[in-house]
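Asks: Residues in the sequence shown are numbered consecutively from 219, following this note's numbering.
Could you have a look at this structure, given as structure tokens, before my questions?
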Amino acid sequence: MSKLLAVLILLLSPVMALGAGGSAIPLQKSKIDLYDQESLQRGAQYFVDYCMGCHSLEFMRYSRLADDLGIDEADLRENLLRGGAEPGDMMTIAMRPDDAEAWFGMAVPDLTLVTRWRSPDWVYTFLKSFYVDPSRPYGVNNALFQDVGMPHMLGGLQGTQRGVYKTTMVDGEEHKTIQGVELVEAGVLSPQAYDQMVRDLTAFLTYAGEPIILERRQLGIYVLLFLGLFFVVAYLLKKEYWKDVH
């Protein structure tokens, strides 16, 4: 049994490392509610307003989003469509990969599957973990994703944070390790309001990664109920067939 456990740990350790983002700071629980349609609607608006200048959702269609989240066409056109996009279009952006690589040093990733790749808790923690770092090109770093090559687009809303470090001595030299962040100057939003905004955005990205998820969960309940009923029928039938034998 101990050998089997050791093998499982070895097999799962790369997956766990990926989910943790390779960082020493712990992930915070996002506590998203995919049944909260208003939260998903707000998250969609936040994504279009703050993220879609650089990041696409190239596997998501505007019309699918509107149908799933209860957004009528008038609101869709007024609030979410940008740059002449139509409801039937995919949520792509005008930025070319070559331009992104020249400006940011790398191609900007599409975010359709980011919560399936990283996890909702990772995305939620990442959006709360930017801190001032003058050594970086945009003046900020991220405690969860060190040396990330992007600005903090929500910085004006969250405010200014500084890094919290742990200092250790190695061979007589001080080494600092990032342990977290703390708010030093409030932004437009209160910490509670910013947390809710990030939670809404994380919920929307989780939905975008698997739009069928709510329907699949509902279908799963029906399947379990059917299997439970079928088990009772099968058990009674078995007793009837085998009553003369037993």
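Each residue gets a CB set at the ideal place from its N, CA and C atoms; glycine is no exception.
Determine the burial state of R336: buried for a count of at least 16 other Cβ atoms within 10 Å of its Cβ, exposed for fewer.
Replies: Your numbering for residue 336 matches position 118 in the sequence shown. Taking all protein chains shown into account, R336 has 16 or more neighbouring C-beta atoms within 10 Å of its C-beta and is therefore buried.
Asks: Around the Cβ of G302, are there at least 16 other Cβ atoms within 10 angstroms (buried) or fewer (exposed)?
Replies: By one-based count along the sequence shown, residue 302 stands at place 84. So G302 counts as exposed.
Asks: Going by C-alpha distance, which of A284, V366, G373 is nearest F322?
Replies: Here residue 322 refers to the residue found at position 104 when the sequence shown is read from its first residue. Nearest C-alpha to F322: V366.
Asks: Per the DSSP calculation, Y349 is bridged to which residue(s)?
Replies: What you label residue 349 is simply residue 131 of the sequence shown in a count that begins at 1. Answer is N359.
Asks: Locate the alpha helix (DSSP H) running through I431, then write down its first and last residues.
Replies: Numbered from its first residue, the sequence shown carries residue 431 at position 213. Note, I431: alpha helix (DSSP H), 431-460.
Asks: T343: which of R282, L442, Q414 sits nearest, CA to CA?
Replies: As a working mapping, residue 343 is identified with position 125 in the sequence shown. Residue Q414 is the option with its Cα nearest to T343.
Asks: Taking Q255 as part of the alpha helix (DSSP H), name the residues at either end of that continuous run.
Replies: Numbered from 1 along the sequence shown, position 37 holds the residue referred to as residue 255. Counting along the chain, the alpha helix (DSSP H) containing Q255 begins and ends at 255-264.
Asks: How big is the Cα-Cα spacing for E296 and S257?
Replies: For the purposes of this step, residue 296 is taken as the residue at position 78 of the sequence shown. For the purposes of this step, residue 257 is taken as the residue at position 39 of the sequence shown. Rounded to whole angstroms, E296 to S257 spans 19 Å at the Cα level.
Asks: Taking Cβ to Cβ, would you say G398 is nearer than 8 Å to V416?
Replies: Stepping through the sequence shown from its first residue, residue 398 is reached at position 180. Stepping through the sequence shown from its first residue, residue 416 is reached at position 198. No, the pair does not count as a contact, with Cβ atoms beyond the cut-off.
Asks: In this structure, what does DSSP give as the bridge partners for T386?
Replies: Stepping through the sequence shown from its first residue, residue 386 is reached at position 168. Bridge partners of T386: H393.
Asks: Sort out for me which residues DSSP pairs V402 with in a bridge.
Replies: Your numbering for residue 402 matches position 184 in the sequence shown. Residue pairing by DSSP places V402 opposite no residue, since no beta bridge is assigned to it.
Asks: Using only the alpha-carbon positions, how far apart do R334 and H393 sit?
Replies: For this step, residue 334 is matched to residue 116 along the sequence shown. For this step, residue 393 is matched to residue 175 along the sequence shown. Cα-Cα distance, rounded: 34 Å.
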